[in-house]
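Data block below; observations after.
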Amino acid sequence: MKKLLATTLILSGVFTLTQAAEKYDTRAFRIVTKLCTPCHGTAFYMAKQVDADDWEYYFKKEGKLLSIHKKSPKGIASLKNALFTKHEKRLLKFFVNNSKYSGVVHGCDSNFCGTHH
Ligand code: HEC
């Protein structure tokens, strides 16, 4: 019985830690940082510029992102990068979750420390 209790406590501890560690998708954060931040600012700053509907629109409307970046060869290169094409859905989710009006504000962690640019 004691063993069961200990296991339950450990499991719930691990669960809490995992949840705390996943306030946002760090993989998506890193991809955006690599591909978009040089022009758009930090991933969270970028996400906050428009609301969830606008993010859906930019990503879902066929060819929209490419045409917006027509004059920016480096932007096009980022959009054609396999990291972007393979994780497009994940990035959209990240942007939507952190968009304007989402109410999400991030403090310091190992990826990000509350700056806005
Ligand atoms: C080399 C610079 C550059 C890179 C890299 C870049 N962009 Fe852009 N992006 C721009 C510019 C410049 C505009 C504004 C175009 C305009 O208004 O005519 C823009 C506009 C946008 C817009 C329209 C909303 C807005 O802010 O005007 C979205 C959405 C967007 N970019 C997404 C992305 C995503 C997602 C990535 C990374 C995969 C990315 N961009 C990478 C330069 C870049």
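Read the sequence shown against our numbering and you will find it ends at 1439, with the numbers running on by one and no gaps.
We put the beta carbon where it would ideally sit given N, CA and C, even for glycine.
Item, Value
"For Arg1349, which of Gly1397, Leu1413 and Ser1394 has the nearest alpha-carbon?", "Leu1413"
"With a cut-off of 8 Å on the beta carbons, I'd call His1428 and Tyr1346 a contact; round off their distance for me.", "7 Å"
"Can the beta-carbon of Thr1355 be found less than 9 Å from the beta-carbon of Ala1369?", "no"
"Going straight from the alpha carbon of Cys1430 to that of Asp1376, what length do you get?", "27 Å"
"Taking Ile1453 and His1409 to be in contact with their CB atoms under 8 Å, please state how far apart those CB atoms are, rounded to whole angstroms.", "This structure leaves residue 1453 out entirely; the chain is present only between 1323 and 1439."
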